[in-house]
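There are 2 protein chains.
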Amino acid sequence: MGMDFECIFNPRSLAVIGASSAFGKWGQMIFSNIVAGGFRGKIFPVNPNEPKIFGVPAYRRVQDIPDAVDLAIITIPADRVPLVLEGCAEKGVKGVIVISSGFSETDATGKELEKRIVSLCLERNLLLVGPNTMGIICTSSGLFATGAPIRPRKGPVAFVSQSGNLGVQLVHWAEQQGVGVSLFVGSGNEAMISCVDYMEYLEGNPDTRIIILYLEAVRKARSFMELAKRINKTKPVIVLKGGRTEAGLAASASHTGAMGGEIAFFNAACRQAGLLNVAVPSELLDLSAGFSSLPLPKGNRVGIVTLGGGWGVVTADECNEKGLVVPSLPQKIVRTIGKYLPPFWSRGNPVDLVGTRDLEVPLVALEEMLKWDGIDSVISLGVVGRLELIRLLVQSTHEAGASMQPEALAGIESFGQEYEKKYLARLAELMEIYEKPVLAVSLGKTDEGIVRPVSGRKYAPVVYQTPEDAVNVVARMVAYKDFLDSQAT
Amino acid sequence: MGMDFECIFNPRSLAVIGASSAFGKWGQMIFSNIVAGGFRGKIFPVNPNEPKIFGVPAYRRVQDIPDAVDLAIITIPADRVPLVLEGCAEKGVKGVIVISSGFSETDATGKELEKRIVSLCLERNLLLVGPNTMGIICTSSGLFATGAPIRPRKGPVAFVSQSGNLGVQLVHWAEQQGVGVSLFVGSGNEAMISCVDYMEYLEGNPDTRIIILYLEAVRKARSFMELAKRINKTKPVIVLKGGRTEAGLAASASHTGAMGGEIAFFNAACRQAGLLNVAVPSELLDLSAGFSSLPLPKGNRVGIVTLGGGWGVVTADECNEKGLVVPSLPQKIVRTIGKYLPPFWSRGNPVDLVGTRDLEVPLVALEEMLKWDGIDSVISLGVVGRLELIRLLVQSTHEAGASMQPEALAGIESFGQEYEKKYLARLAELMEIYEKPVLAVSLGKTDEGIVRPVSGRKYAPVVYQTPEDAVNVVARMVAYKDFLDSQAT
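Protein chains in written order, with the working numbering: chain V, 161 to 649; chain A, 161 to 649.
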């Protein structure tokens, strides 16, 4: 189709029709979020009843705006949308995002209204996102046009979601976890622009390297799958299909008004296209972190470095259960690592560092494994996250009435922080040298996110909270590599 | 066997042999943690080289302590442990916890040394925890005797772990997530006291209602399973077996020096005994939160209340995939809930509140479902956790240069906080009235833990971060209820 999405994602100016200063209204939230997000172009609020919105002069109608307007974001009630769209066309607006609900997701009248606005937009050359969408985000143009106040950092992951609520929450997670985002679209009712169209755009979008989809109903299933398979060869396509079960399908039908596709067909098509088909939203997030930050493993052989034996066991079990191999180490590597450890260490993979205090050992073990061509990726458990325990220990020691000076205790903590920083920087360096992924596992909660970018580095260290999350990401990356290899031969 | 564990968990006084003021040493960490944890009895540091540890007079030998000593916690090197045990026996100590490593987990010499200390303890009537243990916790006596500074709140969950590191991390999670703990034991090498013995103690321990086990090698497998099955009828036994796969088993053997049991046998025995057999440590934590805080569901029919359609779909899918039913609602309930919602709401289960702002509606929908005898538990998505988004929206509105007063914005946030508090209090009340579990899902990160106790209430609300976690807990609780029913008939 070749729709020109520039007016949606990179408008030079935009109008928020229905902008409001009433806290909690859609027109307030989206207007404030766009302004606070630092959009680079001009922003014009439109509201016939408020002369100013938070100090910004508002216009009665979009036609009254003296400058050119590329994009209109519309939050007014559904029945008034057609008139406003006429105004947009008259004004020379190119794209419209209709946030308003009350269209085909409701009843026959809503369906009629939706048909009417689609005809109108086609006639008048308006590109229409939605209606009934939660909005869009484009980090490269600084456009954060969603009801929820989310501002993920710039990066290579694009999110397209048929559920606005779920999509926004996903991008909010991405923000919290440091996952870099290029674009987000809540596709809403897809009255004019469908997932297939967004996918076509993303295929050519230079800012996007990974595509995350939440789908409930794929209308042009065949074109979608053909396109997805083609894109997947250069940009991993990770998809969650809602409505896989009777209960999910029933919920989905009530939600979007569209019939879900048959899931067996969908799954088979995904397998054939090599798409990464996941079960739950948190997996979309974990995979977006891994695929956007790590080199792809060349095979399924995993090295494990752990500060505690039990965690090594649990991780090795998870690896085997996900089809990953945990190879034995050659004697040479055992000897090298052994120089740094007490005589009765595990002498194998997992490398159990038996709680060593020597801060160099985890990195030595890691590099020995990465050097070896018998291993394709390494999972490192418990170095990051130790800081939290050191912090608690300092506090506990202090509470116990230690005669240690507070400065000495604070010094221990800042030493811990410095070490963690150095450790992560070294992970980024090692990944670049050996072109193999290293996944850290923090075990405990940490204040920071999964992705921990290191300035100037090609890859960013990732820190998952549990071994199962890290193992799952490795397994999925290996599956994707297998797909790529099958395409090459 | 009927070992008397009082000297271990409820000693009137204890000695830390090897107590030290050198930050980061085992003898420093464990001593500081016991003192900071507020242990109710007397604490005597023993160290021949330091006259005082953090201001507390230290004794050269345990025999030099003027008071009676019930428990000795030993952190000195392995080869000196036998001599110190002799001293303990002479002093009339009843129980010893040997933290020190260097026993059967190392080599033949270590094995010999371990045999020697076991004989010595048997001869001299000393109850021996470990050696090579991370320590113990007993919340009722305020005894927090682990190397890591963790202090979970008091509650009904006991943890027994054959991996100290993993066990301690689990209890640390429990602390962070608000799960109430009765006891923790790192069983170490189990030279004298095995898991079976701890289980026997826990069976009769009035503070314990739920038992969590991390096992690698079960030595007396038959007695263990018989006992576990008996206990499981009154106290749910939740178990993670490390070493289920070739890789895990190899890691486990290197770790504890014990051969893992055959996993097929283990799984079959668990099924037969109705034990809750889980795959990853985070599941142990989720289940400990659910089982300790919620009434048991009477069946597998789940009601879902959601603030966004997509999340309802995902949750319904997860329910069906875990064998749970999401029944349609009778017209009467649809009508009642419908009074509070726009005309085109989902009219079914999941109840999609379509982003309603009316703060009463989520509770109305919840109670209508709980009242109905066609539903056994309810999952409530997105009410808790909204606060985070409100907070961000307030911030964003402020950044956008709103003319709103900071006090007005702060008022909105505190209103949100109040509402969340009231909502959770009402959940606790509703669970008590209807004796059905309600699981909240926050979707986003929250500062607080999974368990949110409400003072004076029989049940505590739980808030999981993802729908899949909540659905899994319901499915496991239903499986346990099925086991109980199968035993009753």
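Heads up, the beta-carbon is just placed ideally off N, CA and C, and yes, glycines get one too.
Residue range of the unbroken alpha helix (DSSP H) whose run includes residue i
i: K531 (chain A); result: 521-531
i: A377 (chain A); result: Looking at the DSSP string, A377 (chain A) is not in any alpha helix (DSSP H), and its letter there is neither H nor E.
i: T496 (chain A); result: 491-498
i: I535 (chain A); result: Note, I535 (chain A): premise wrong, no alpha helix (DSSP H); not H, not E.
i: V328 (chain V); result: 324-337
For residue i, three-class secondary structure by DSSP
i: L395 (chain V); result: Here residue 395 (chain V) is Lys; the residue named in the question, Leu, does not match the sequence. Correct three-state label for K395 (chain V): coil.
i: K605 (chain V); result: coil
i: S209 (chain V); result: Checking the sequence shown, residue 209 (chain V) turns out to be Asn, not Ser. Correct three-state label for N209 (chain V): coil.
i: A179 (chain V); result: coil
i: I297 (chain A); result: strand
i: P171 (chain V); result: coil
i: G417 (chain V); result: For G417 (chain V), the pLDDT reaches just 47, beneath the cut-off of 50, and the residue's location in the model is therefore unreliable, although a value from the coordinates is still provided. Here G417 (chain V) sits in coil by DSSP.
i: V278 (chain V); result: helix
i: M163 (chain V); result: coil
i: I257 (chain A); result: strand
i: F643 (chain A); result: helix
i: I593 (chain V); result: helix
i: K401 (chain A); result: strand
i: V634 (chain V); result: helix
i: D629 (chain A); result: helix
i: A351 (chain A); result: coil
i: L584 (chain A); result: helix
i: I610 (chain V); result: coil
i: L373 (chain V); result: strand
i: L599 (chain A); result: strand
Beta-carbon neighbours of residue i, restricted to chain V and to distances below 8 angstroms
i: V474 (chain A); result: L326, L400, G402, G408, V440, P441
i: S323 (chain A); result: G468, G469, G470, W471, V473
i: V176 (chain A); result: The contacting residues do not exist; V176 (chain A) stays about 11 angstroms from chain V at best.
Per-residue contacts from residue i into chain V (C-beta, under 7 angstroms)
i: A238 (chain A); result: By Cβ distance, chain V contributes nothing, its closest Cβ being about 11 angstroms from A238 (chain A), past 7 angstroms.
Residue span of the beta strand (DSSP E) that contains residue i, given as start and end
i: P316 (chain A); result: 314-321
i: V554 (chain A); result: It is not in any beta strand (DSSP E) - V554 (chain A) instead sits in the alpha helix (DSSP H) that spans 546-559.
i: S102 (chain V); result: Residue 102 (chain V) lies beyond the stretch modelled for chain V, which goes from 161 to 649, so this question has no answer here.
i: Y361 (chain V); result: Premise fails: Y361 (chain V) lies in the alpha helix (DSSP H), 355-364, not in any beta strand (DSSP E).
i: F426 (chain V); result: From DSSP, F426 (chain V) is part of no beta strand (DSSP E) but of the alpha helix (DSSP H) over 423-433.
i: Y619 (chain A); result: No beta strand (DSSP E) contains Y619 (chain A), which DSSP labels as neither H nor E.
i: T306 (chain A); result: 303-306
i: L287 (chain V); result: 287-289
Beta-carbon neighbours of residue i, restricted to chain A and to distances below 8 angstroms
i: G187 (chain V); result: The premise fails here: G187 (chain V) is roughly 12 angstroms from chain A at the closest Cβ pair, so nothing lies under 8 angstroms.
i: A308 (chain V); result: L549, L552, L553
i: Q329 (chain V); result: G468, W471, L603, G604
i: Q336 (chain V); result: G604, K605
Chain-ordered chain V contacts of residue i [CB-CB under 9 angstroms]
i: I572 (chain A); result: F183, G184
Neighbouring residues, chain A, relative to residue i (Cβ below 9 angstroms)
i: C479 (chain V); result: T405, A407, G408
Partner residues on chain A for residue i, Cβ-Cβ distance less than 7 angstroms
i: S412 (chain V); result: V473
i: S556 (chain V); result: S192, N193, A196, P309
i: V486 (chain V); result: A407
Taking any Cβ of chain V, which residues in the stretch 261-272 of chain A have a Cβ under 9 angstroms from it, in chain order? S261, G262, E265, T266, D267, G270
Closer than 7 angstroms, Cβ to any Cβ of chain A: which residues of the stretch 591-607 of chain V, in chain order? L603, G604, K605
Relative to chain V, which residues along the stretch 374-397 of chain A have a C-beta separation below 8 angstroms, given in chain order? Here the close residues are Y374, E376.
Please identify, using Cβ separations under 7 angstroms, the residues of the stretch 519-552 of chain A that lie next to chain V, in order along the chain. L549, L552
For a minimum of 4 consecutive residues, which ranges assigned as the alpha helix (DSSP H) are wholly contained in the stretch 435-510 of chain V? 441-453, 469-481, 491-498
Which parts of the stretch 183-247 of chain A are runs of the alpha helix (DSSP H), unbroken and 4 residues or longer, counting only runs that do not cross its ends? 186-196
Contacting positions in the stretch 490-519 of chain A - beta carbon closer than 9 angstroms to chain V: So the close ones are P502, P503, F504, W505, S506, R507, G508, N509, P510, D512, V514, G515, R517.
Could you run through the stretch 610-636 of chain A and flag, in chain order, every residue whose CB is less than 7 angstroms away from some CB of chain V? T626, E628
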